[in-house]
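K.L.:
One line per chain: the protein sequences are X and B, in this order. Per my numbering, residue 439 is the first one in the first sequence, and the count goes up by one each step. Per my numbering, residue 439 is the first one in the second sequence, and the count goes up by one each step. For reference, the structure I am asking about is given below.
There are 2 protein chains.
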Amino acid sequence: MENVKVLVVDDEPNIRDLLATSLRFAGFSVHAVGNGADAVHAAEKGEPDIILLDVMLPDMNGFSVTKKLRSMGIMAPVLFLTARDETEDKITGLTVGGDDYMTKPFSLDEIVARIHAILRRTKQATIEESVLEVGEIKINQDAHEVFVNDELIDLSPTEYKLLRFLMSNPNRVLTKAQILDHVWEYDFNGEMGIVESYVSYLRKKLDPLTTEPLIQTKRGVGYMYKSAKNG
Amino acid sequence: MENVKVLVVDDEPNIRDLLATSLRFAGFSVHAVGNGADAVHAAEKGEPDIILLDVMLPDMNGFSVTKKLRSMGIMAPVLFLTARDETEDKITGLTVGGDDYMTKPFSLDEIVARIHAILRRTKQATIEESVLEVGEIKINQDAHEVFVNDELIDLSPTEYKLLRFLMSNPNRVLTKAQILDHVWEYDFNGEMGIVESYVSYLRKKLDPLTTEPLIQTKRGVGYMYKSAKNG
DNA sequence: GAGATTGCTGTGAGCAATCTGAGAGCGGGT
DNA sequence: ACCCGCTCTCAGATTGCTCACAGCAATCTC
Numbered sequence: 439m440e441n442v443k444v445l446v447v448d449d450e451p452n453i454r455d456l457l458a459t460s461l462r463f464a465g466f467s468v469h470a471v472g473n474g475a476d477a478v479h480a481a482e483k484g485e486p487d488i489i490l491l492d493v494m495l496p497d498m499n500g501f502s503v504t505k506k507l508r509s510m511g512i513m514a515p516v517l518f519l520t521a522r523d524e525t526e527d528k529i530t531g532l533t534v535g536g537d538d539y540m541t542k543p544f545s546l547d548e549i550v551a552r553i554h555a556i557l558r559r560t561k562q563a564t565i566e567e568s569v570l571e572v573g574e575i576k577i578n579q580d581a582h583e584v585f586v587n588d589e590l591i592d593l594s595p596t597e598y599k600l601l602r603f604l605m606s607n608p609n610r611v612l613t614k615a616q617i618l619d620h621v622w623e624y625d626f627n628g629e630m631g632i633v634e635s636y637v638s639y640l641r642k643k644l645d646p647l648t649t650e651p652l653i654q655t656k657r658g659v660g661y662m663y664k665s666a667k668n669g
Numbered sequence: 439m440e441n442v443k444v445l446v447v448d449d450e451p452n453i454r455d456l457l458a459t460s461l462r463f464a465g466f467s468v469h470a471v472g473n474g475a476d477a478v479h480a481a482e483k484g485e486p487d488i489i490l491l492d493v494m495l496p497d498m499n500g501f502s503v504t505k506k507l508r509s510m511g512i513m514a515p516v517l518f519l520t521a522r523d524e525t526e527d528k529i530t531g532l533t534v535g536g537d538d539y540m541t542k543p544f545s546l547d548e549i550v551a552r553i554h555a556i557l558r559r560t561k562q563a564t565i566e567e568s569v570l571e572v573g574e575i576k577i578n579q580d581a582h583e584v585f586v587n588d589e590l591i592d593l594s595p596t597e598y599k600l601l602r603f604l605m606s607n608p609n610r611v612l613t614k615a616q617i618l619d620h621v622w623e624y625d626f627n628g629e630m631g632i633v634e635s636y637v638s639y640l641r642k643k644l645d646p647l648t649t650e651p652l653i654q655t656k657r658g659v660g661y662m663y664k665s666a667k668n669g
């Protein structure tokens with residue numbers, strides 16, 4: 439994460455701030471703007487490594503913005519943000535080259551993962567690793583495959599995201615609120631009990647194949663993924 | 439703790455004073471205000487390193503305050519204070535970035551610990567250490583793990599908090615009243631006998647693994663955590 | 001040493017946090 | 001339309017924590 443520059447473009451201040459804060463904390467250098475014209479301007483000046491672009495902007499749509507950028511020789515990959523109900527063809531038309539898209543509402547962990555994936559595909563230079571291996575579990579993030587002691591297991595999308603988040607913070611207690619904020623979509627508005635349920639699902643799938651339980655409950659605090667080495 | 443500036447924002451004078459006094463005593467430089475407008479003003483002038491922000495304020499709520507601050511370029515992490523019963527619905531997004539939240543009533547030691555945790559996460563610059571090691575005992579605060587001579591032991595949340603408080607004041611007698619005030623939630627209204635009980639629990643777990651008893655009773659005064667090497 | 005004071009710790013009731021199974025609702029695929 | 005897997009809720013079971021209390025031990029006072 440050696441000073442990767444991200445340009446965030448979204449007209450909703452809440453979403454923009456959420457993204458900016460969250461990505462800054464994830465180690466990116468972030469510049470955030472609220473409309474297409476500013477985006478073009480900022481991209482020209484700032485030479486971002488990747489652009490997060492809402493397709494619905496007040497002045498111009500994401501497609502026009504991208505076209506404009508490309509015509510100016512700015513080839514940074516774009517991660518489009520679209521509403522769930524955008525038409526399928528509109529979206530597929532956008533995702534050419536190194537580009538990708540995510541539907542709103544998204545989860546913060548997923549955004550970060552997606553950015554890493556795109557950077558991995560575009561600049562081989564960075565030493566971004568697509569395989570996350572901690573303790574007895576190995577995740578291949580390109581293939582979305584999870585191996586427990588080299589045995590492939592099948593996880594639902596949410597189970598996968600939860601495990602990935604736990605594994606990217608090994609030996610550190612994560613509160614249920616933190617897990618909810620990072621793994622679930624930002625508009626999720628249920629109870630934290632859902633985290634308990636999914637931890638339960640994960641344990642049922644993982645524990646039979648491991649030598650010791652990997653997800654520990656820290657009563658009154660949260661959960662922790664324990665990696666074997668050290669302590 | 440090299441002159442870290444904390445801005446405390448709470449409209450209840452009791453809580454505000456409690457926090458201010460306690461944080462000053464913990465070595466922070468504190469400025470305290472009672473409403474959102476003053477908070478914005480104070481943050482602008484004072485450039486705090488961290489902000490303790492009650493979400494329920496007379497003029498504006500904590501989120502508006504934060505938004506306002508962020509829009510002004512003030513990026514200091516925020517530790518939100520929320521009532522226990524408004525927890526479930528409104529905490530979404532509070533643990534994103536450097537931010538975190540605590541429910542009222544809280545314990546003072548926990549507030550201090552949380553502030554240190556946040557500073558640790560946000561400014562890697564400062565030499566905030568997540569491992570607290572005094573004498574034969576080592577606490578890993580990220581993992582909430584306690585080692586006695588490198589052997590992992592299991593403590594309940596209250597036992598953990600008590601030990602952490604004792605260890606952060608080594609070679610210094612703490613009265614039962616002080617312990618009660620720092621370790622238990624501020625609205626606790628039981629007897630000081632509870633401190634005796636928990637000291638007893640701790641000793642039962644710690645002493646079998648240490649070369650000498652680490653928690654000393656100063657009859658008529660209080661308790662002292664003794665570290666071998668000076669103090 | 002006797003009585004008073006202070007501290008220690010086992011017991012147990014009540015409670016809070018967590019786990020988990022069952023099932024409702026939704027949506028995608030056939 | 002039907003099936004199937006996934007998400008999420010709910011409630012009962014379970015775990016184990018907190019705290020009060022009471023009797024005992026240690027220490028102090030005279």
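Each residue gets a CB set at the ideal place from its N, CA and C atoms; glycine is no exception.
Using alpha carbons as the reference points, say which of X:644, X:480, X:503 and X:470 lies closest to residue 576 of chain X.
P.N.:
Of the listed residues, the one whose Cα sits closest to residue 576 of chain X is X:644.
K.L.:
Quick one, which of B:540, B:449 and B:470 has its alpha-carbon nearest residue 458 of chain B's?
P.N.:
Of the candidates B:540, B:449 and B:470, the one whose C-alpha sits nearest the C-alpha of residue 458 of chain B is B:470.
K.L.:
Let's see if you can read the secondary structure: which residues bound the alpha helix (DSSP H) around residue 479 of chain X?
P.N.:
Run containing residue 479 of chain X: 474-484, per the alpha helix (DSSP H) assignment.
K.L.:
Tell me the rounded alpha-carbon separation between residue 654 of chain B and residue 642 of chain B.
P.N.:
Whole-angstrom Cα-Cα distance: 13 Å.
K.L.:
For residue 463 of chain X, which three-state DSSP category applies?
P.N.:
Three-state DSSP puts residue 463 of chain X in a helix.
K.L.:
Quick one: does residue 627 of chain X have its CB under 8 Å from some CB of chain B?
P.N.:
Yes, residue 627 of chain X counts as interfacial toward chain B.
K.L.:
Do the stretch 550-564 of chain B and the stretch 480-498 of chain B touch if we need at least three Cβ pairs shorter than 8 Å?
P.N.:
Yes: the two stretches touch, three or more of their Cβ pairs being nearer than 8 Å.
K.L.:
Any C-beta of chain X within less than 9 Å: which residues of the stretch 534-554 of chain B qualify?
P.N.:
Residues passing the 9 Å Cβ filter: 534, 535, 536, 537, 538 and 539.
K.L.:
Rounded to whole angstroms, what's the CA-CA distance from residue 551 of chain X to residue 442 of chain X? Just pull it up for me.
P.N.:
About 14 Å.
K.L.:
Against chain B, does residue 669 of chain X count as a neighbour if the rule is that its beta carbon must be under 8 Å from one of theirs?
P.N.:
Confidence in residue 669 of chain X is poor, its pLDDT being 36 and thus under 50, which makes the residue's placement too unreliable to answer from.
K.L.:
Compare the C-beta of residue 479 of chain B against all C-beta atoms of chain X and say whether one is closer than 8 Å.
P.N.:
It does not: the Cβ of residue 479 of chain B has no partner Cβ on chain X nearer than 8 Å.
K.L.:
What does residue 656 of chain X touch in chain B if you count any residue whose Cβ is under 7 Å from its own?
P.N.:
Neighbours of residue 656 of chain X on chain B, chain order: 582.
K.L.:
For my contact list, residue 545 of chain X and residue 633 of chain X are in at a C-beta cut-off of 8 Å; report their separation, rounded to the angstrom.
P.N.:
Going by Cβ atoms, the distance from residue 545 of chain X to residue 633 of chain X rounds to 13 Å, so no, they are not a contact pair.
K.L.:
Tell me whether residue 452 of chain X sits in a helix, a strand or coil according to DSSP, three-state version.
P.N.:
Helix, per DSSP.
K.L.:
Please classify residue 659 of chain B as buried or exposed, where buried requires at least 16 neighbouring CB atoms within 10 angstroms.
P.N.:
Its Cβ having fewer than 16 others within 10 Å, residue 659 of chain B is exposed.
K.L.:
Closest to residue 664 of chain B by C-alpha separation, out of B:617, B:612, B:624 and B:628, would be which residue?
P.N.:
Checking every option, the nearest Cα to that of residue 664 of chain B belongs to B:612.
K.L.:
Mind checking which residues open and close the beta strand (DSSP E) that includes residue 584 of chain B?
P.N.:
Taken as a continuous stretch (DSSP letters only), the beta strand (DSSP E) holding residue 584 of chain B covers 583-586.
K.L.:
Per DSSP, what are the beta-bridge partners of residue 660 of chain X in this structure?
P.N.:
Paired residues: X:656.
K.L.:
Any C-beta of chain B sitting closer than 8 Å to the C-beta of residue 652 of chain X?
P.N.:
Not an interface residue.
K.L.:
Residue 605 of chain B: which of B:628, B:540, B:586 and B:657 sits nearest, CA to CA?
P.N.:
Cα-wise, what sits closest to residue 605 of chain B is B:586.
K.L.:
Measure the beta-carbon distance from residue 602 of chain X to residue 570 of chain X and round it to whole angstroms, keeping in mind my assumption that it falls under 8 Å.
P.N.:
Yes, residue 602 of chain X and residue 570 of chain X are in contact; Cβ-Cβ is about 7 Å, under 8 Å.
K.L.:
What would DSSP say about residue 605 of chain B, mapped onto helix, strand or coil?
P.N.:
DSSP places residue 605 of chain B in helix when its eight states are reduced to three.
K.L.:
Might you give, ordered along the chain, the residues of its own chain that have their beta carbon closer than 8 Å to the beta carbon of residue 449 of chain B, omitting 5 neighbours on each side?
P.N.:
Only 472, 473, 492, 494, 495 and 496 meet the Cβ criterion.
K.L.:
In the DSSP assignment, find the unbroken beta strand (DSSP E) run with residue 645 of chain X in it and report its ends.
P.N.:
Note, residue 645 of chain X: premise wrong, no beta strand (DSSP E); not H, not E.
K.L.:
Just checking: is the beta-carbon of residue 441 of chain X within a distance shorter than 8 Å of some beta-carbon in chain B?
P.N.:
For residue 441 of chain X, the answer is no, since every Cβ of chain B falls outside 8 Å of its Cβ.
K.L.:
Measure from the alpha carbon of residue 512 of chain X to the alpha carbon of each residue in X:536, X:499 and X:520, then state which is nearest.
P.N.:
Comparing Cα positions, the closest option is X:536.
K.L.:
Identify whether residue 634 of chain X lies in helix, strand or coil by the three-state DSSP scheme.
P.N.:
If DSSP states are grouped into helix, strand and coil, residue 634 of chain X belongs with the helices.
K.L.:
For the beta strand (DSSP E) that residue 505 of chain X lies in, which residues bound it at each end?
P.N.:
From DSSP, residue 505 of chain X is part of no beta strand (DSSP E) but of the alpha helix (DSSP H) over 500-509.
K.L.:
Below 7 Å on C-beta distance, what does residue 459 of chain X contact in chain B?
P.N.:
Those within 7 Å of residue 459 of chain X in chain B are 534 and 535.
K.L.:
Cβ of residue 578 of chain X within 8 Å of Cβ of residue 594 of chain X?
P.N.:
For residue 578 of chain X and residue 594 of chain X, no; Cβs fall outside 8 Å.
K.L.:
What would DSSP say about residue 512 of chain X, mapped onto helix, strand or coil?
P.N.:
Coil, per DSSP.
K.L.:
List the residues of chain B whose Cβ lies closer than 7 Å to the Cβ of residue 672 of chain X, in chain order.
P.N.:
Limits of chain X in this structure are 439 at one end and 669 at the other, which puts residue 672 of chain X out of reach.
K.L.:
Can you have a look at residue 533 of chain B and say buried or exposed, based on whether 16 or more other CB atoms are within 10 angstroms of its CB?
P.N.:
When all chains shown are included, residue 533 of chain B counts as buried.
K.L.:
Please return the same chain residues whose Cβ sits closer than 6 Å to the Cβ of residue 506 of chain B, not counting the five positions on each side in sequence.
P.N.:
478.
K.L.:
Report the residues of the stretch 585-599 of chain B with a CB closer than 7 Å to any CB of chain X, ordered along the chain.
P.N.:
So the close ones are 590 and 595.
K.L.:
At the level of alpha carbons, what is the spacing between residue 617 of chain X and residue 580 of chain B?
P.N.:
Distance between the alpha carbons of residue 617 of chain X and residue 580 of chain B is about 15 Å.
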